[in-house]
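This report concerns only the one structure given below.
2 protein chains.
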Amino acid sequence: MTKENICNCVDCEEGWLNFKVLSRDELEILEENRYEADFRAGETILKQSSPASNAVFLRSGMAKIYLEGQGSKNLIVSIAKPGIMIVGPGIYTDNRHSFSVSSINSVKACFIRIEVIKKLFGQNRKFAEGVIREMSRMSHWYLDKLMSMTQKKMPGRVAEVLLYLSGEVYGAGEFNPLLTRQELADMAGMAKESFVRILKEFSDEGIICSDCPDIKIMQKEKLQMISDNG
Amino acid sequence: MTKENICNCVDCEEGWLNFKVLSRDELEILEENRYEADFRAGETILKQSSPASNAVFLRSGMAKIYLEGQGSKNLIVSIAKPGIMIVGPGIYTDNRHSFSVSSINSVKACFIRIEVIKKLFGQNRKFAEGVIREMSRMSHWYLDKLMSMTQKKMPGRVAEVLLYLSGEVYGAGEFNPLLTRQELADMAGMAKESFVRILKEFSDEGIICSDCPDIKIMQKEKLQMISDNG
DNA sequence: TATATTTATTGATAAATATCAATGCAGCAG
DNA sequence: CTGCTGCATTGATATTTATCAATAAATATA
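Line order of the protein sequences matches chains A and B. In terms of our numbering, the first sequence opens at residue 17 and continues consecutively. In terms of our numbering, the second sequence opens at residue 17 and continues consecutively.
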């Protein structure tokens, strides 16, 4: 039996690290309240403003977490990979999803009812700490983003996005972003044309290479400097 | 004995609402680990990036919570009043303060060691829920800000700031902002000159009146519309 | 394979926003 | 009162960024 075939929270090796602190009984509660679903690329997994009834955990694949603005102007907040809990602050505020989530490639996901998460939060101290740690991590990230978006100019934001993809998302100096230029621009909070132009500048200066379908980072330090200095 | 003279967590009527769920014993733990301090207007209460050793609770007065960027470019994230917990996500991530806090007017504040907060988080379920609720509230706010900052144009952001001050902070249609134009601009994420100009436009259009030292909102609906439509 | 359709790129232009410089205005120290 | 000093305002200008339009490239579809 391969890893992919394990479909039981008790033995699951792919889920959220914080599930490791649960007892067998608790894992069984999880198992009983789990709903699994597969998505093809581009499907909506969670919809902003809809009732926050479930937390989502990716078993495989990637998803974009984004804020939907007026007139189809989106802001991609982060790229989710397996191993994290996807749930917004809405579950403790207005009971609505604070953002939308949609699949970038093929995704297998588990949905777990919020009440179950809250129940475990109440009865297992370590689990509660894991939840708050994850929420803090997200919160921290939002503040960072707020900083970049308001203080950095476009080249700084583009550099930041490239470093994020290279570092956190793909863990490689060369990667296929899997995202359209529009989506990359949505990550950097700018128009797609602007993103393209800056990408070309970076390319002309030899900081990156984007001739290939991939993006390859040639001078990481320089890119880091551009990102840091706004 | 007046309210102001009560200096004991057990009887405190001013503190964080979430402290109400603590037992007498727990309140005494709080009391034993409490440090009180007074600030005059303009003093730094918490400094961004410094070790996050304490959470802060205002007993009276107001403070600005802001992110410090490079080159003295700040972004004021919110205005704190008594009744909320002031602590950033840093306490569960990098153990540093995620933002700076400084007093707007005279402030009386209590400092409580993070370890105490974390201890209570671990042993009192209701308290833990209160903590996560507060953190979620902040997180939600950051996402809203992220949205405004990236999607709204300047008039929308100015309108938003005015409505925030009028609604959440001062609870009045006419108010003295207590903040300089520079600080108001830092709330809206723009240059002070831009803020002033838009304020004047609103004034010319009769949406507000800012002749007096106060700012008076004349047409709330219109302001709301400008804020909503970006 | 050929054709349609989306996505990417590029250039020209317009709009939004910041910066700079000058002036006005208030509170405050002498 | 007089002159500082910091904040507020205003105008002129430069910079940044978005939008529009055209074309090219890639991808999907028939």
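Cβ coordinates follow ideal geometry from the N, Cα and C atoms, glycine included. All figures in this text were calculated on a predicted structure; none of them were measured in a lab.
Distance, residue j Cα to residue i Cα
i	j	result
I130 (chain A)	S94 (chain B)	29 Å
F55 (chain A)	G106 (chain B)	34 Å
M151 (chain B)	A79 (chain B)	18 Å
R141 (chain B)	P193 (chain B)	39 Å
C264 (chain A)	I223 (chain B)	This structure leaves residue 264 (chain A) out entirely; chain A is present only between 17 and 246.
L91 (chain A)	R40 (chain B)	46 Å
L195 (chain B)	K236 (chain A)	41 Å
Y108 (chain A)	R153 (chain B)	7 Å
K216 (chain B)	A207 (chain B)	15 Å
K168 (chain B)	F127 (chain B)	37 Å
M163 (chain A)	A204 (chain A)	12 Å
K19 (chain A)	V26 (chain A)	Summary for K19 (chain A): the model assigns pLDDT 42, below 50, so the residue's position carries little reliability, and this model does not support an answer.
S88 (chain A)	N111 (chain A)	23 Å
C28 (chain B)	K36 (chain B)	9 Å
M170 (chain A)	F211 (chain A)	8 Å
N245 (chain A)	E47 (chain A)	48 Å
M234 (chain B)	R173 (chain B)	18 Å
R50 (chain B)	K134 (chain B)	14 Å
T166 (chain A)	F218 (chain B)	23 Å
E184 (chain B)	S76 (chain A)	42 Å
A57 (chain B)	Y186 (chain B)	17 Å
K238 (chain A)	R213 (chain A)	18 Å
N24 (chain A)	E199 (chain A)	34 Å
E190 (chain B)	L181 (chain B)	10 Å
S226 (chain A)	G85 (chain A)	29 Å
S65 (chain A)	Q240 (chain B)	20 Å
W32 (chain A)	V103 (chain B)	26 Å
E209 (chain B)	A188 (chain B)	26 Å
F143 (chain A)	L38 (chain A)	7 Å
I45 (chain A)	I45 (chain B)	35 Å
I61 (chain B)	I61 (chain A)	42 Å
Partner residues on chain A for residue i, Cβ-Cβ distance less than 9 Å
i	result
P193 (chain B)	Simply none; closest approach about 20 Å.
M151 (chain B)	P105, Y108, I148, M151, S152, S155
Cβ pair residue i, residue j closer than 9 Å
i	j	result
I231 (chain A)	L179 (chain A)	no
A125 (chain B)	A53 (chain B)	yes
L83 (chain B)	S116 (chain B)	yes
H113 (chain B)	K63 (chain B)	yes
S119 (chain B)	E59 (chain B)	yes
V147 (chain A)	M101 (chain A)	yes
G99 (chain B)	L136 (chain B)	no
E30 (chain A)	G138 (chain B)	no
Y13 (chain A)	L43 (chain B)	No information on residue 13 (chain A) is available, as it lies outside the stretch 17 to 246 that chain A covers here.
R149 (chain B)	N34 (chain B)	yes
I242 (chain B)	A201 (chain B)	no
A96 (chain A)	I81 (chain A)	yes
Contact list for residue i against chain B, beta-carbon separation under 8 Å
i	result
G205 (chain A)	T166
V147 (chain A)	I148
Q86 (chain A)	Q167, N245, G246
L162 (chain A)	L83, L91, V93, Y158, K161, L162, M165
Cross-strand partners of residue i (DSSP beta bridge)
i	result
T60 (chain A)	A:S118
P269 (chain A)	Nothing in the structure corresponds to residue 269 (chain A), since chain A is present only between 17 and 246.
C28 (chain B)	For C28 (chain B), which the question treats as bridged, DSSP gives no partner whatsoever.
F218 (chain B)	F218 (chain B) is not bridged to any residue.
S243 (chain A)	Paired residue(s): none; S243 (chain A) is not in a bridge.
D54 (chain A)	A:K124
E84 (chain B)	B:N90
K232 (chain B)	B:E190, B:C225
F73 (chain B)	B:M101, B:C126
Partner residues on chain B for residue i, Cβ-Cβ distance less than 7 Å
i	result
S114 (chain A)	H156, L159
R141 (chain A)	G138
A125 (chain A)	Near A125 (chain A) there are no residues of chain B at all, since even the closest Cβ is about 22 Å away, more than 7 Å.
Partners in chain A for residue i, counting only beta-carbon separations shorter than 7 Å
i	result
K89 (chain B)	Q167
A79 (chain B)	Correct list: empty, because the minimum Cβ distance to chain A is about 17 Å.
Contact list for residue i against chain A, beta-carbon separation under 8 Å
i	result
L200 (chain B)	Within chain A, no residue comes near L200 (chain B); the closest Cβ sits about 15 Å away, beyond 8 Å.
A71 (chain B)	Near A71 (chain B) there are no residues of chain A at all, since even the closest Cβ is about 13 Å away, more than 8 Å.
Subject >> Inside the region 90-148 of chain A only - alpha helix (DSSP H) runs reaching at least 4 residues >> reply: Taking only runs of at least 4 residues, the alpha helix (DSSP H) segments lying wholly in the region 90-148 of chain A are 130-139.
Subject >> Complete runs of the alpha helix (DSSP H) confined to the region 145-208 of chain A [at least 4 residues] >> reply: As for any alpha helix (DSSP H) of minimum length 4 sitting wholly inside the region 145-208 of chain A, the runs are 170-180, 197-204, ordered along the chain.
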